[in-house]
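Notes follow once the structure below has been shown.
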Amino acid sequence: MMNQTHIKSVVMTAFFAAVIFLGIQAFRIPMPASVGTPFLHFGHIFVVLAVLLLGPKRSAVAGVAGLVIFDLINGYVQSIPNIFVTTLVKCLVVGFIFQALKKKAQNHPKREYSFALISAAIYGLLSITLDFLWSTGELILIGNPPLVALASEVTAIPATIINAVFTVIGTAILYVPVKRGYQLWK
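Just so we're on the same page, the working numbering is the position in the sequence shown counted from 1, plus 952.
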């Protein structure tokens, strides 16, 4: 039988998956790019908040679920392998980094906040790097010469950079109030 702590853990993971989905579904601003259909959205902000509050494993479940459900419902099925792999990697890497940094910040909320922002920046940098590598690889696999694939991705990467910066700013604004709410419910 599941205990109350486990039930709360499952509920919070599902809650974050839903919020991640809604963060993209309810707010999207299309951005120009030569490859793909990027848009500015709140989804990654909520993925980072999940990483910071739920930890690496549960945030990976919430992040992948929220983003993949969005892709399924909105016709971005071709993006699912990329989203699945890169979200899993980002949540696990950033989650373990934040946990290690947080141990150093015990009883120092200002340091923890700084580490949360550093973690959001690492998430953003991983997003830029992994998206660039994945998309370039896809273009090469479908037959584009490597230089053409690289050139296409260089023109498309500003959208990912804008989303990464937006994610850090959103995390800076929302981390403290969301953490307080999470701790009250926990």
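Think of the CB as a built atom: it goes at the ideal place given N, C-alpha and C, for glycine as much as any other residue.
Of the residues the options, which one's Cα is nearest the Cα of residue i?
i       : options                            : result
Lys1131 : Glu1064, Leu1019, Lys1055          : Glu1064
Leu1040 : Leu1019, Leu1024, Ile1114          : Leu1019
Phe998  : Leu1078, Trp1137, Leu1136, Ile1125 : Ile1125
Gly1007 : Ile1092, Val962, Gly975, Leu1099   : Val962
Ala1072 : Gln1058, Val1016, Phe1118, Asp1023 : Phe1118
Phe1036 : Gln1058, Ser1079, Phe1067          : Ser1079
Ile1070 : Ser1031, Gly1027, Asn1026, Ile1121 : Ile1121
Among the residues of its own chain, which have a CB less than 6 Å from the CB of residue i, if the five just before and after it don't count?
i       : result
Tyr1075 : Val1000, Lys1042, Val1046
Starting from residue i, follow the beta strand (DSSP E) in both directions and report where the run begins and ends.
i       : result
His1060 : His1060 -> no beta strand (DSSP E), and no H or E assigned at all.
Ile981  : 980-982
Distance, Cα to Cα, residue i vs residue j?
i       : j       : result
Pro984  : Ile1114 : 12 Å
Lys1056 : Gln956  : 29 Å
Gly1133 : Tyr1127 : 10 Å
Leu992  : Asn1096 : 27 Å
Glu1081 : Phe973  : Checking the sequence, you will find Thr at residue 1081 rather than Glu. Cα to Cα, Thr1081 sits roughly 23 Å from Phe973.
Leu1004 : Pro1061 : 13 Å
Val971  : Pro1033 : 21 Å
Ile1092 : Thr1038 : 18 Å
Phe967  : Gly1015 : 11 Å
Only counting the same chain, and skipping five residues up and downstream in sequence, which positions put a Cβ closer than 7 Å to that of residue i?
i       : result
Gly975  : His993, Phe994, Gly995, Ile997, Phe998
Ala1101 : Thr1088, Leu1091, Ile1092
Among residues of its own chain, excluding the 5 on either side of residue i, which ones have a beta-carbon nearer than 8 Å to its beta-carbon?
i       : result
Val1029 : Asp1023
Got a sec, what are the start and stop residues for the alpha helix (DSSP H) residue i sits in?
i       : result
Phe994  : No alpha helix (DSSP H) contains Phe994, which DSSP labels as neither H nor E.
Gln1030 : Segment: none, Gln1030 is in no alpha helix (DSSP H) and carries neither H nor E.
Asn1115 : 1098-1137
- prompt: Do the segment 1047-1055 and the segment 1078-1092 meet, that is, are 3 or more Cβ pairs less than 8 Å apart?
  reply: no
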